[in-house]
Structures are given as structure tokens and as C-alpha cells.
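J.: Numbering (my numbering), first residue to last: -13 to 644.
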């Protein structure tokens, strides 16, 4: 039975990792030109040479050296990814994607002239050619960085890989435990083999001969299935890459499997052959081994349960915030591409265009905040504190209530409205002074709409409340600010660079996709915008990511519990086997073994509960102590079942005359 569990578990590991590898190969293809591994990233341009001259230089270098040189920009339009590519070697026939259904758009020369010179260029140049290309670009007034793009690097930075590694480690740990149990429960069989003259090496060879066929099937069948699956979704080059990768993966898994199997034979050293054949079980060695493994599993379980508790708390909070997102209409953010900060003229030009883009759309929502930095609730710092800088459209789209419970609205473009929560009324004088100073500073900065004279200030008291700020960021929890001071101001009163910073941080949202696309085109921002993202989909992705993390940790916790069950069964079986003589005598004379079983169960349960409690308290998760009680109850039940099984085995042995 244990051998079947071992084979099933290993087969599951092979299948899951093969599928995960295919997903990671597809993700890698999406982010790069997979056949080209050298990358030139242009980060700055002094503008002494025109864009046309720069591109002509790239064509000359690529064609004279006979290399591929591909400009790549990823365009994300509301969750749909498209690769925009241009190969400066017109005679090249390189493939830009491994995926059969990949969206790749080859830019024309006229479309290329609308693209920014800054960005990533992929090439297959040799080291010498690569150095020559970088040198030519530097001489042309371009600042470049060079690096290699590889599947391994993408893999190490991939969150799916990192999370999957935890599950994989837990599964391997369980596999090793099951292998040790398998050998330990077969101690009589191995004792007989040793008495008949078989050495440990011969026993290993005997078992290997029995297991090699099912093991080969467990490896070959997934290899064939997933290779065929890869052939359906990837082209020839992609399929070949995947087959090589999965072969190496399965080779590493196979080596790990047999190393673990070899390690599990350590239990043979604990067997005393003649005593085992006579039914005299020397259980101390097995018991000590079992206790060491069980303690390690309890400590690991404590870490996993604490992580599960933390993620579940975050999930409960994010679930409520996601419900707020679902009530909101679709809204979009424009993703600005790389801007050469060393080119002051270009920076100011983009700032002006972004300011026009936001100010011209009366429905665009500005919600500048520092929630991602988790500011103190009482902080009044406009840049980094618990303060929202918003425009009139934000108040129309939100439900900010004044102290009478009415929705706050603003109607004067030359008035700055300071909305103070009643619980922060004591900060009104200090903040008003700070706000005036900040607005005065804003007026000194470049503004495409010019300076505004005679700015007025109006103080409005609002209810203490949680305010939805439309910001998804890196954590969905950042979408809500608690009791913020709100500075409501017309977009034309703020500086140009304020909006570039806000747009870059995803703190300006547009309700109309069509209107946004039109605005980007009219303001000349097309080549500087990498894509448009539905903010609700971003929030949903963050929520889904949290659910995935919660599920992964949940799976790991369940795996740890399963490991715990196996170890409790192993320790119990070893203990009751060591007490076989006493159990048999009591059974023959009709006496109860309840006291022995109860003492053993109680000692194990309390010890494990104490260890688990220490781990939970140290990680600040004492609130899920009840899970420890549940574990203790399950452990007692498992020991009781093991005791009952041991007594049944003894009765069968007595009936057979053993």
C-alpha cells in the first residue's frame, strides 16, 4: 500500500512540474524574443543625431555584420498583449515568438519613426559584434546598458516558480518520508533476506529491479504527453526547447528519486535479523528516527500554519476591497514608457502632454496618494502622508460624506478645498498652512496652463471614513485610505510634472477607453505609452494572485498535515511493535491496553501542541492556536487507530500460532 502511495505521489510531482514548466516557457516567450539572447537597452539620447540617423546607424550595423537586431516593445491593451517588433536587418527571417497563437505586429518604417529610440533591442551578435554595436551607439550620443536574456534568469524571478518551489519542496519531503516508512514497515522481509545472505547492496539491486519498470512509465508517459501538448501550442523551435528543458527536469527528478530511495535504506542498519524473525522487534532505533522526523515536521507545520493565518487575514480584507472595485465602472490607466531623465527638454515636453491629457478629460479621476508606503494615519505630509490630492471628478465618482452625511462636491476651479475628517480636526490649522505652502510651490513649477492668481481656500469637515482611492499598485489593500485629509483641486492649478508622476504611479484613471485612446493620439503621446490597462483587471489580478498564494500555502499546510499523519502512524506502529509482548499478554487475559495507549497518545499530543504553540506565538499568530488543538485531536485519533490495528494484527498472529 505504501509503495503505491509513493508511486502515485512521484507521478503527481512529475505531472505538476511538467505542466508548470510549459507555462513558464510560454511566459518567457511573451516577455522576450526567445531566439535572441543579447539585449542592448538604450536609456538616454542626447538628440545631437536625429531619430532617422540613429535608425539608419542600426540598419547599417545589423546588415554589415549579418546579425539580427530587433527593437521590441510590449503593448498591453486591456489585458491583451502584443509584441511590436522591427528587425533592422531586412534580410533576416528570425522568428519573434515560439507560440503559435502569439500576437506579433511587425512595424513598418513609418510606424518605426513614431516609436521612441529608447527601449530594448535584442540581437544574436557575437561578443565582438556586440561590443562594436554598443560602441557605435555610444558615439552617436546614446547611453546604453547591455545584458543577457535567458530562460534561467526569467525563471528565478518568476513568482509562480518561487511559489511552486515551496510546494515542490514539501512534496519531495513527503516522498522521502514515505520511502523511509516503506522500508521500515518491511523490516521482517529485509531481515529474512539478510539471514539468507543478501547484503544491503544486493537488497537494493533486488528492489531496483522490481521498481524500474513502473518508475520508467511514471517518467516517460508525462514526457510524451507534455511534449505533444507543447507541439500543439509552440512552433518547432519552442517545442524543441521545451523537450530539452523537460528532459533535464525529469533527469534531475529521477536522480533525486533514487538518491532519496538510497537514503531510505538507512533503516536497514536498525534491523537485527534474527531477533526480527523471532518477532523480537528492537524498536528504539525506529522510534528515535520517527521522533526526530516528527519534530521537524511539527516545526515546519507551525511555519506553514502561521503563513496561512497571515494570508487568510489579508484575503478577508482584500475580499471586501475587491467588492468595492466590482461596484465601480471600468476605468483605465495609461502606462508611460521609459523617459530619458537626462534630457530635460524631452522630459518637460512629455510633462506638458500628460498634463493636457488629464486636464482635457473632465471625467479623468486624479487620486494622488502614498498608501503603498503605509503612512501613519495622522501624517499630514502631502507627498508621503495620509493625504489624498484629488480633482473634482474624484469627488463626483466617490462617496465622500460631509459631517451631515451629504456627498461632498466642488464647483470653483480657483478654490482649493481642504476636506478634514472630524477625528483630525485638530490638524486643520497646521495642514492649511502646509497646503498653502505646497500650492505656492506648485505655482513656481512649469505649467502648460500658466499660473493662477487669487487662489482661495475652503475648509470642509467630513466624516471619518474609509475612502476608495482607485489605486491598485502592488497590493489591492492600497486601494483604500483610512481617514485621509483630502485636498481637492482643479487639474490646471497643479504643475506639469505632478501629473507625469501621478500617471506613472497609476493614480490617474480614465473612465472611457475610446476617449483615452483619442487623447493619447491628439496630445502626441502615442510613442511614449506602452499600453492601456483596465485598473479593475489589475485589481482582479492582484486578488487572484493572493488567492493563488493562499491556495499554495493551504496546499503546503495540507501536505505537512499529511506528512504528520504518516509520521504519527510510523511512530505509533514502532512503539506498539516494541510493546508487542505486553499488548499480547493483556489481550490474552482480557485486560485493557487503554492506559498504555492513552499515556502514549497524551504525551505525543501535548509535546507536539507545545512545539506548535511556540512556533505560532513567535510568528505572531497565537490567534490560530485552535488549529493546534485540532492537530492534537487528530494525532490522538491516529494513535488510537494504530493501537487498534496493532491489536488486530496480534490476534491474527495468535490465531496463526505466531
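Each residue gets a CB set at the ideal place from its N, CA and C atoms; glycine is no exception.
#1: Just tell me which of 514, 432 and 499 has its CA closest to the CA of residue 478.
#2: Quick check on the DSSP output: the alpha helix (DSSP H) that includes residue 424 runs from which residue to which?
#3: At what residues does the alpha helix (DSSP H) containing residue 201 begin and finish?
#4: Any idea what DSSP makes of residue 624, helix, strand or coil?
#5: Counting C-beta neighbours from all protein chains within 10 Å, is the total for residue 354 16 or more, i.e. buried, or is it exposed?
#6: Given a threshold of 16 other Cβ atoms within 10 Å of its Cβ, counted over all protein chains shown, does residue 336 qualify as buried or as exposed?
#7: When DSSP labels each residue in this structure, what does residue 486 get in the three-state scheme?
#8: Pull the bridge partners of residue 31 from the DSSP assignment, please.
#9: So if DSSP puts residue 496 in a beta bridge, which residue, or which two residues, is it bridged to?
#10: Which two residues bound the contiguous alpha helix (DSSP H) that contains residue 584?
#11: At what residues does the alpha helix (DSSP H) containing residue 344 begin and finish?
#12: Under the rule that 16 or more other beta-carbon atoms within 10 Å means buried, what is residue 417, buried or exposed?
#13: Who are the near neighbours of residue 403 in its chain, counting only those whose CB is closer than 7 Å to its CB and skipping five residues on each side?
#14: What residue range is occupied by the uninterrupted alpha helix (DSSP H) comprising residue 41?
#15: Going by C-alpha to C-alpha distance, which of 44, 20 and 544 sits closest to residue 220?
#16: Opposite residue 90 in the DSSP bridges: which residues?
#17: Quickly, what does DSSP pair residue 133 with across the bridge? List them, please.
#18: Put residue 567 into one of helix, strand or coil per three-state DSSP.
#19: Considering only the alpha carbon of each residue, which of 627, 615, 607 and 593 lies closest to residue 282?
#20: For the beta strand (DSSP E) containing residue 353, name the first residue and the last one.
#21: Where does the unbroken beta strand (DSSP E) through residue 105 begin, and where does it stop?
#22: Return the CA-CA distance between residue 252 and residue 169, expressed in angstroms with no decimal places.
#23: Between residue 0 and residue 236, which are expected to be in contact by the criterion C-beta below 8 Å, what is the C-beta distance as a whole number of angstroms?
#24: I'd like to know whether the C-beta atoms of residue 558 and residue 608 end up nearer to each other than 9 Å.
#25: Which residues share a DSSP beta bridge with residue 442?
#26: Going by the CB atoms, is the gap between residue 387 and residue 448 shorter than 9 Å?
#27: Nearest-angstrom Cα distance between residue 329 and residue 462?
#28: Rounding to the nearest angstrom, what Cα-Cα distance links residue 512 and residue 318 in this structure?
#29: Among residues of its own chain, excluding the 5 on either side of residue 129, which ones have a beta-carbon nearer than 6 Å to its beta-carbon?
#30: Let me check one thing: in DSSP terms, what residues is residue 468 bridge-paired to?
#31: Kindly give me the distance between the Cβ atoms of residue 472 and residue 374, rounded to whole angstroms, as I take these residues to be in contact under 8 Å.
#32: Which partner residues does residue 393 have in the DSSP bridge list?
#33: Using the beta-carbon count (16 or more within 10 Å), is residue 455 buried or exposed?
#34: Return yes when the Cβ of residue -8 is within less than 9 Å of the Cβ of residue 161, no when it is not.
#35: Let me make sure I understand the geometry here. Which of 273, 614 and 365 has the alpha-carbon closest to that of residue 412?
#36: Leaving out five residues before and five after residue 599 in sequence, what residues of the same chain have Cβ atoms less than 7 Å from its Cβ?
T.: Reading off the structure:
#1: Considering only alpha carbons, the answer is 432.
#2: 414 to 430
#3: 186 to 219
#4: helix
#5: buried
#6: buried
#7: helix
#8: 128
#9: 318
#10: First-last of the alpha helix (DSSP H) with residue 584: 580 to 604.
#11: 330 to 345
#12: buried
#13: 396, 444, 446 and 474
#14: 37 to 51
#15: 20
#16: 69
#17: 25
#18: In the structure shown, residue 567 falls within a helical segment according to DSSP collapsed to helix, strand and coil.
#19: 593
#20: 351 to 354
#21: Run containing residue 105: 105 to 109, per the beta strand (DSSP E) assignment.
#22: For residue 252 and residue 169, the gap between their C-alpha atoms comes out near 9 Å.
#23: 7 Å
#24: In this structure, residue 608 does not lie closer than 9 Å to residue 558 by Cβ.
#25: Beta-bridge pairing links residue 442 to 401.
#26: yes
#27: 35 Å
#28: 16 Å
#29: 29 and 30
#30: 452, per the DSSP bridge assignment.
#31: 5 Å
#32: 387, per the DSSP bridge assignment.
#33: buried
#34: yes
#35: 365
#36: Around residue 599: 611 and 614.
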